[in-house]
Amino acid sequence: MTVTPLDLALYAGALLILFLTPGPVWLALMARSVSGGFNAAWPLALGVACGDILWPLIAIAGMSWMVSEITGIMTALRWVASAMFLGMGVLLIRHAGDGLQENSALTRPGIWAGFMAGVAAILGNPKAILFYMGVLPGFFDLTSVTWADAAAIAGLSFVVPLAGNLAFAGFIHRVRRIVSSPAALRRMNLTAAGLLILVGLILPFT
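Count along the sequence shown starting at 1, add 914, and that's the number in the working numbering.
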């Protein structure tokens, strides 16, 4: 292996920060946890973790070269991601009083449905795309990583989000009777919307 334990520890910390930043995965986990409890949410968390393996592998396979060679691509991606976060925040404010169970795409029962919703949530997540395509090359020299390095990076990219999302789903499951009331749900949606808009406003300048 060419990467050191310190490199991997720093990367795990960055993954934890990524998890703590609100985004589409949080909203999807809340939707399934409120509508069906932990049993409905864990397949989505597993799907997210499986999807998370793809992005570092793409970066290792050559996306880092594209980011470094094409002038302005990261700036463009930041602005696109910013617009998506702002759009999600505005939509969430407009529908703050809607029940989470009304989104059938997220709350459709079944393990497979939950798993595929998780894969879709992470593959279309601009926060994840920006992190893996732009930040990952800053942790590792992707031109010299070995198969063992790639396995370690992909393993961390799977384990850290899975652990965080399972913990988050378990928390929502325990308090879902409280957060599923219309007033609490509205407050939670408005709070999440505010965080999404805040991220969208900060992102282009980071």
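Backbone N, C-alpha and C fix where the C-beta goes; we use that ideal spot for every residue, glycine too.
Bear in mind the structure is a predicted one, so any value in this text is a computation, not a measurement.
With three or more CB-CB distances shorter than 8 Å, the region 1023 to 1040 counts as touching the region 952 to 965.
For residue 932, same chain residues with a beta-carbon under 6 Å away, outside a window of 5 residues either side, are 1045 in chain order. Around the CB of residue 1026, fewer than 16 other CB atoms lie within 10 Å, so the residue is classed as exposed. Within the region 931 to 968, the alpha helix (DSSP H) runs of at least 4 residues that lie entirely inside it are, in chain order, 938 to 950.
In this structure, the CA atom of residue 1112 is about 14 Å from the CA atom of residue 934. Between the alpha carbons of residue 1106 and residue 1118 lies a distance of about 19 Å. For residue 937, same chain residues with a beta-carbon under 7 Å away, outside a window of 5 residues either side, are 1039 and 1041 in chain order. The C-beta distance from residue 917 to residue 1066 rounds to 7 Å, short enough to meet the 8 Å contact threshold. Note on geometry: alpha-carbon atoms of residue 1005 and residue 1062 lie some 43 Å from one another.
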